[in-house]
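**Q**
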C-alpha cells in the first residue's frame, strides 16, 4: 500500500507495527531485508526518521514497559525479574531460552544442518502434496511475469527463512 501511494499515516502505521513485532518476537527482524527491498526505490526516503516515525516505533516497543512495572510489585511469578537492568536485558534478548537449537539432539555440524534443510523440502512435499506444490510453482511463475518486484521480495524472504532453518538446525 505504501509503495503504491506513499502516505505519512501508512508510514507511521508501519513503524508502529515494526515496534510491536520486535517487542513480540525478534524473528520478525528477518523480514526487514525483504521489506527494505520493497521500498528502497521510493522517491522520498522511507527510512528518513522524524520525530513521528520514532514516536510510533517506540509506542510499538512500549510493551516492554509493562514487565518492569509489574515486577516492581513482586508478583508470585516474576519472569526474568525485569525490574533490574540485568533481568530486563535477559527479558528483551530472551537469553533464558538458550541456544538456537530446536531440540536437544540437534547438532551444529554442517552435514546435520544440510539434512535438516533437506527435511524442509520433505516436509513441504508431505504438507502441500504434489498438487499444492504445483499450484505454488504456478503462482510463483505468474508473479515472476506480472510483478518481478514482488517476486524478488518473496524470493528474498524465503531465502532468509530457509537460511534461518539451516542455521538453527530446526
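Numbering (the working numbering), first residue to last: 1019 to 1188. Using N, Cα and C, we set each Cβ at its ideal position, and we do this for glycine too.
Count the other CB atoms, across all protein chains shown, that sit within 10 Å of the CB of residue 1058; report buried if there are 16 or more and exposed otherwise.
**A** exposed
**Q** Span of the alpha helix (DSSP H) holding residue 1111?
**A** 1103-1111
**Q** Compare the beta carbon distance of residue 1178 and residue 1056 with 7 Å and say whether it is the shorter of the two.
**A** no
**Q** Can you find a CB in chain D that lies within less than 7 Å of the CB of residue 1069?
**A** As a matter of chain content, chain D is missing from the structure shown, which is built from one protein chain.
**Q** Do you know whose CA, among 1170, 1167, 1050, 1044, lies nearest residue 1007's CA?
**A** The requested residue 1007 is not part of the displayed model; the chain covers only 1019 to 1188.
**Q** Quick one: any contact between the segment 1065-1080 and the segment 1022-1033, if contact means 3 or more CB pairs under 8 Å?
**A** yes
**Q** Suppose contacts are defined by Cβ-Cβ distances below 7 Å. Is residue 1041 in contact with residue 1079 by that definition?
**A** Yes, the Cβ-Cβ distance between residue 1041 and residue 1079 is below 7 Å.
**Q** Mind checking residue 1171: buried by the 16 CB within 10 Å criterion, or exposed?
**A** buried
**Q** Give the DSSP-derived three-state secondary structure of residue 1098 in the structure shown.
**A** coil
**Q** Helix, strand or coil for residue 1086 per DSSP?
**A** helix
**Q** With C-beta atoms as the reference, is residue 1138 less than 7 Å away from residue 1183?
**A** yes
**Q** Which residue comes first and which comes last in the alpha helix (DSSP H) that contains residue 1075?
**A** 1069-1079
**Q** Kindly indicate the opening and closing residues of the alpha helix (DSSP H) around residue 1114.
**A** Looking at the DSSP string, residue 1114 is not in any alpha helix (DSSP H), and its letter there is neither H nor E.
**Q** If you measure between the beta carbons of residue 1159 and residue 1052, is that distance less than 7 Å?
**A** no
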